[in-house]
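Peer 1: Under full-length UniProt numbering, the first residue of the sequence shown carries the number 1, and numbering increases by one thereafter.
Note that CB positions come from ideal geometry on N, CA and C, so glycine has one too.
The structure follows.
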Amino acid sequence: MRDLIARPLLLVLRFLLPAQGRHRSPAVRTPESPRPAPAVPRRPSPAREARHLFVEQQIQRAIEHRRLQYERRFALSEALAGRDYPYSYPGAPF
């Protein structure tokens with residue numbers, strides 16, 4: 001008897017109430033709430049700008065160091081293989 005009452009009730013509720021969970025159909029979704037206005041960007045402090053510039057310089061130095069290290073290692077591998085590689089560096093005596 002309970003099933004005879006519960007099944008039609010569940011069927012009616014499924015049609016009347018919006019779906020829940022991950023598999024909600026797009027037609028049933030509620031409209032999005034309006035987004036708040038974006039905050040006015042503040043100007044970074046001088047300390048933050050200085051730190052940013054310092055970090056940027058450190059990154060550039062690290063990139064240059066790695067590039068030179070790669071070139072030196074490549075020149076060494078070419079020399080060990082018996083091939084000539086025109087490797088030079090600033091201030092080289094030749």
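Cα separation between residue 80 and residue 70?
Peer 2: Along the sequence shown, one-based indexing puts residue 80 at 80. Along the sequence shown, one-based indexing puts residue 70 at 70. Looking at the two C-alpha atoms, the distance is approximately 15 Å.
Peer 1: With a CB to CB cut of under 7 Å and the five nearest residues on each side skipped, what residues in its chain are close to residue 78?
Peer 2: Taking the sequence shown and counting its residues from 1, the one referred to as residue 78 is at position 78. Around residue 78: 85.
Peer 1: Let's see if you can read the secondary structure: which residues bound the alpha helix (DSSP H) around residue 46?
Peer 2: By 1-based counting over the sequence shown, the position of residue 46 is 46. First-last of the alpha helix (DSSP H) with residue 46: 46 to 80.
Peer 1: Taking residue 73 as the reference, which of 6, 87, 3 has the closest Cα?
Peer 2: Mapped onto the sequence shown, residue 73 falls at position 73. Comparing Cα positions, the closest option is 87.
Peer 1: To the nearest angstrom, report how far apart residue 15 and residue 9 are at their CA atoms.
Peer 2: Within the sequence shown, residue 15 is the residue found at index 15, counting from 1. Within the sequence shown, residue 9 is the residue found at index 9, counting from 1. Here the alpha carbons of residue 9 and residue 15 stand approximately 10 Å from one another.
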